[in-house]
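Step one of this worksheet: look at the structure below.
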Amino acid sequence: MTLFLADIYLWVKALHVMSVISWMAGLFYLPRLFVYHAERVSVGEPADRLFKTMEMKLLRVIMNPAMVVTWVAGIMLVMTPGIVDWSMIWPWTKLVSVLGMTWFHMWLGARRKEFAAGQNSLTGRRYRMMNEVPTLLMVVIVLSVILKF
2 MTLFLADIYL WVKALHVMSV ISWMAGLFYL PRLFVYHAER VSVGEPADRL
52 FKTMEMKLLR VIMNPAMVVT WVAGIMLVMT PGIVDWSMIW PWTKLVSVLG
102 MTWFHMWLGA RRKEFAAGQN SLTGRRYRMM NEVPTLLMVV IVLSVILKF
């Protein structure tokens with residue numbers, strides 16, 4: 002199995018990068034949709050239904066599959082011999098950050114359900130603040146992987 006992973010390493014790495022880009026795009030965009038939904042739309046009006054549809058499709062059609070592919074490809078990369086030295090700090094900081102990114106994804110999913118039920122309780126300002134979470138985690142991940150500190 003490890004020889005097979007070594008043979009397909011560059012393909013898996015490319016798939017991982019593409020899925021991360023797709024996932025990150027959703028992690029940046031969904032909270033922005035929530036900002037506008039919370040600030041400019043009242044429950045029950047036509048725009049409310051439009052936002053609910055956009056939010057649901059973004060999460061289910063783009064973000065969920067992208068997160069799953071990111072995780073699967075990432076695990077395959079970790080299992081490839083010679084790629085990760087777990088005695089260093091960087092794989093641990095990346096892992097913790099990816100777990101944080103996954104938590105944020107799940108948090109967004111819970112907020113989408115609240116919007117769908119007409120029960121959003123957060124302000125646009127709160128969504129704006131939370132929109133910084135994936136940026137901070139991305140910075141930690143990129144610096145960890147590139148600088149290998």
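In the numbering used here, the protein residues as written are 2 to 150. The beta-carbon is built from N, C-alpha and C at its ideal position, and this holds for glycine as well. Please read all numbers here as calculations on a predicted model, not as lab measurements.
- Between residue 38 and residue 116, the C-beta gap is smaller than 9 Å, which places the two residues in contact.
- Per DSSP, residue 80 is one residue of the alpha helix (DSSP H) stretching across 65 to 80.
- Three or more Cβ pairs closer than 8 Å define a contact, and the stretch 90 to 98 falls short of that threshold against the stretch 64 to 73.
- Assignment of residue 101 by DSSP, reduced to helix, strand and coil, places it in the helix class.
- Where residue 129 is concerned, the enclosing alpha helix (DSSP H) starts and stops at 125 to 131.
- Annotation: residue 125 to residue 8 spans about 47 Å, alpha carbon to alpha carbon.
- Boundaries of the alpha helix (DSSP H) harbouring residue 144: 134 to 148, taken from the DSSP string.
- Taking a cut-off of 8 Å on C-beta distances, the stretch 120 to 138 touches the stretch 23 to 32, as three or more cross pairs fall below it.
- The beta carbon of residue 52 sits closer than 8 Å to the beta carbons of 34, 37, 38, 42 and 116 from its chain, once the five residues preceding and following it are set aside; these are given in chain order.
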